[in-house]
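In this text, residue positions in the sequence shown follow the UniProt record's numbering: the first is 1, and each later residue adds one.
Idealized CB from N, CA, C, for every residue including glycine.
Written out below as structure tokens is the structure these notes cover.
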Amino acid sequence: MALSPINQRRLVNFKANKRGYYSCYIFAVLFTISLFAEFIANEKPIIMSLDGELYLPVWFTYTEEELGGVLKTEAYYLDPFIGEQIEQRGWAIWPPIRFSYNTIDWDLEPPYPHPPDEEHLLGTDGGSTDVLAKLIYAFRLSVIFGVSLTIISSAIGIMVGAMQGYFGGRVDLIGQRVVEVWTGLPVLFLLIILASVVEPNFFWLLGILAAFSWMALVAVVRAEFLRARNFEFVRAARSLGVSDRVIMVRHVLPNAMVATLTYLPFILNASITTLTSLDFLGFGLPLDAPSFGRLLSAAKSNLHAPWIGISTFLTLATMLILLIFIGEAVRDALDPRKAIASSEPETTRTDTSLPTPA
1 MALSPINQRR LVNFKANKRG YYSCYIFAVL FTISLFAEFI ANEKPIIMSL
51 DGELYLPVWF TYTEEELGGV LKTEAYYLDP FIGEQIEQRG WAIWPPIRFS
101 YNTIDWDLEP PYPHPPDEEH LLGTDGGSTD VLAKLIYAFR LSVIFGVSLT
151 IISSAIGIMV GAMQGYFGGR VDLIGQRVVE VWTGLPVLFL LIILASVVEP
201 NFFWLLGILA AFSWMALVAV VRAEFLRARN FEFVRAARSL GVSDRVIMVR
251 HVLPNAMVAT LTYLPFILNA SITTLTSLDF LGFGLPLDAP SFGRLLSAAK
301 SNLHAPWIGI STFLTLATML ILLIFIGEAV RDALDPRKAI ASSEPETTRT
351 DTSLPTPA
């Protein structure tokens, strides 16, 4: 489907920001790779054959009894017995990294953590689990969590700010008091209290943080709607009988999107760093979940193993820097002033410089 002229200009503006364009390309490649983490770092074979029958351990669960053993529990494919069965009765295609984020390498000799070697490229942590595998899974989890939280909190913040700014009066007054009270609540203390009552998981933590992250955009959207609601085209649309919902969405909201998009990369980065901080303090995701915060906590507990902290810091910093650059490029692409300026031919642009005095 062909793009409209305005979207074509936006695409040109986005590509003109080389830093953001290449950051988007690099981030897309990294995130796409992380989506297939089970095929890159896993203790299970991707596909294997025993006695001519194909097995898909990544998608399905097989017991050791089904593979020729005696136990009715799930097969542990790094067990020497399973390895002998595969070698004698068939073949298997393994992932490049034969460890998942929670796989303990029992063959390593203490002391732990183990430094990087040919089998563990970035070493292991204090639990003898592979650091590189944890980074891959943590990258995917952090990005999905951050994007989900940004979308939910932005939708709520834009809706609340739009209603306050467009209707004004009593709606704006009551809304401002609610926002002020809600902003003053101690989020960390509430999370600590709730974490002692229920066991945190991905969706529980996402809902709690979304309930307190939507205030960042309220003031910006409210100010834009207060400014734009008295524009002549808005008053003309209102006099023609256009509904308030259509005016807000079609006429006023596009004018507020440029200022709103300025905050989105910061909200996304704040979402990822908040998850990392909560996991570092022990009030985030479950202990067995892959997380940058857990790795940083492991690095703090094992200062004699610098490879844990260095690799985690570089991965987290690279991800946040790429997201900031992408956000800046998207902001420039959606800026209507830059879109109009880029579409004007050079011959029609007027010279605004002052004339040279005689």
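| Roughly how far, in whole angstroms, is the beta-carbon of Val221 from the beta-carbon of Ala289, given that I think they are within contact range, below 8 Å? | Locating residue 221 in the sequence shown gives position 221, where the first residue counts as 1. Locating residue 289 in the sequence shown gives position 289, where the first residue counts as 1. Between Ala289 and Val221 the Cβ distance is about 34 Å, and since that is not below 8 Å, they are no contact.
| query | Rounded to a whole number of angstroms, what is the C-alpha to C-alpha distance between Thr124 and Ile144? | reply | For the purposes of this step, residue 124 is taken as residue 124 along the sequence shown, with counting starting at 1. For the purposes of this step, residue 144 is taken as residue 144 along the sequence shown, with counting starting at 1. When rounded, the distance between both Cα atoms is 25 Å.
| Under 7 Å between C-beta atoms, does His304 make it to chain B? | In the displayed structure, chain B is absent; only one protein chain is listed.
| task | Let me know if Tyr263 comes out buried or exposed under the rule of 16 or more other beta-carbons within 10 Å of its beta-carbon. | result | As a working mapping, residue 263 is identified with position 263 in the sequence shown. Classified as buried, Tyr263 has 16 or more neighbouring CB atoms from the shown chains inside 10 Å of its CB.
| task | Just mark Leu173 as buried or exposed, buried being the case when its beta carbon has 16 or more other beta carbons within 10 Å. | result | Locating residue 173 in the sequence shown gives position 173, where the first residue counts as 1. By the neighbour-count rule (16 or more Cβ atoms within 10 Å), Leu173 is not buried but exposed.
| In whole angstroms, what separates the C-alpha of Leu50 from that of Glu66? | Taking the sequence shown and counting its residues from 1, the one referred to as residue 50 is at position 50. Taking the sequence shown and counting its residues from 1, the one referred to as residue 66 is at position 66. Leu50 and Glu66 have their C-alpha atoms spaced approximately 10 Å apart.
| said: Using DSSP's beta-bridge definition, name the partner residues of Thr129. | reply: Reading the sequence shown from its first residue, position 129 is the one you call residue 129. In the DSSP assignment, Thr129 is bridged to Ile104.
| field | Proximity below 7 Å, CB of Phe60 to CB of Ile192 | value | Along the sequence shown, one-based indexing puts residue 60 at 60. Along the sequence shown, one-based indexing puts residue 192 at 192. Not closer than 7 Å, so no.
| request: Using the DSSP secondary-structure output, state which residues sit across from Leu54 in a beta bridge. | output: Taking the sequence shown and counting its residues from 1, the one referred to as residue 54 is at position 54. According to DSSP, Leu54 bridges with Ser49.
| task | Rounded to whole angstroms, what's the CA-CA distance from Pro110 to His304? Just pull it up for me. | result | Position 110 of the sequence shown, counting from 1, holds the residue named residue 110. Position 304 of the sequence shown, counting from 1, holds the residue named residue 304. The straight-line gap from Cα to Cα measures roughly 14 Å.
| query | Does the ligand FMN have a heavy atom nearer than 6 Å to the CB of Ser4? | reply | Within the structure as shown, the ligand FMN is missing, as the structure has no ligands at all.
| task | Would you mind working out which of Tyr101, Phe202 and Leu71 sits nearest Leu285, comparing C-alpha positions? | result | As a working mapping, residue 285 is identified with position 285 in the sequence shown. Looking at the Cα atoms, Phe202 is the closest of the given residues.
| Below 7 Å between beta carbons: does that hold for Gly20 and Ala329? | Mapped onto the sequence shown, residue 20 falls at position 20. Mapped onto the sequence shown, residue 329 falls at position 329. Between Gly20 and Ala329, the CB-CB gap stays under 7 Å.
| In this structure, what does DSSP give as the bridge partners for Gly90? | Mapped onto the sequence shown, residue 90 falls at position 90. Answer is Leu50, bridged to Gly90.
| 7 Å Cβ cutoff met for Glu43 and Tyr77 | As a working note, residue 43 is residue 43 in the sequence shown. As a working note, residue 77 is residue 77 in the sequence shown. Contact flag set, yes.
| Helix, strand or coil for Ala75 per DSSP? | Locating residue 75 in the sequence shown gives position 75, counting from the first residue. Of the three classes helix, strand and coil, the one that applies to Ala75 here is coil, per DSSP.
| request: Give the secondary structure of Ile40 by DSSP, where H, G and I count as helix, E and B as strand, and everything else as coil. | output: Working through the sequence shown from its first residue, we reach residue 40 at position 40. If DSSP states are grouped into helix, strand and coil, Ile40 belongs with coil.
| said: According to DSSP, is Thr183 part of a helix, a strand, or is it coil? | reply: Sequence index remark: in the sequence shown, residue 183 carries index 183 (1-based). If DSSP states are grouped into helix, strand and coil, Thr183 belongs with the helices.
| Which value, in whole angstroms, describes the spacing of the CA atoms of Met257 and Ile47? | For the purposes of this step, residue 257 is taken as residue 257 along the sequence shown, with counting starting at 1. For the purposes of this step, residue 47 is taken as residue 47 along the sequence shown, with counting starting at 1. Using only the alpha carbons, I get a separation of about 48 Å.
| query | Does the beta-carbon distance from Ser153 to Ser213 come in below 7 Å? | reply | Within the sequence shown, residue 153 is the residue found at index 153, counting from 1. Within the sequence shown, residue 213 is the residue found at index 213, counting from 1. Cβ distance < 7 Å, so Ser153 and Ser213 count as in contact.
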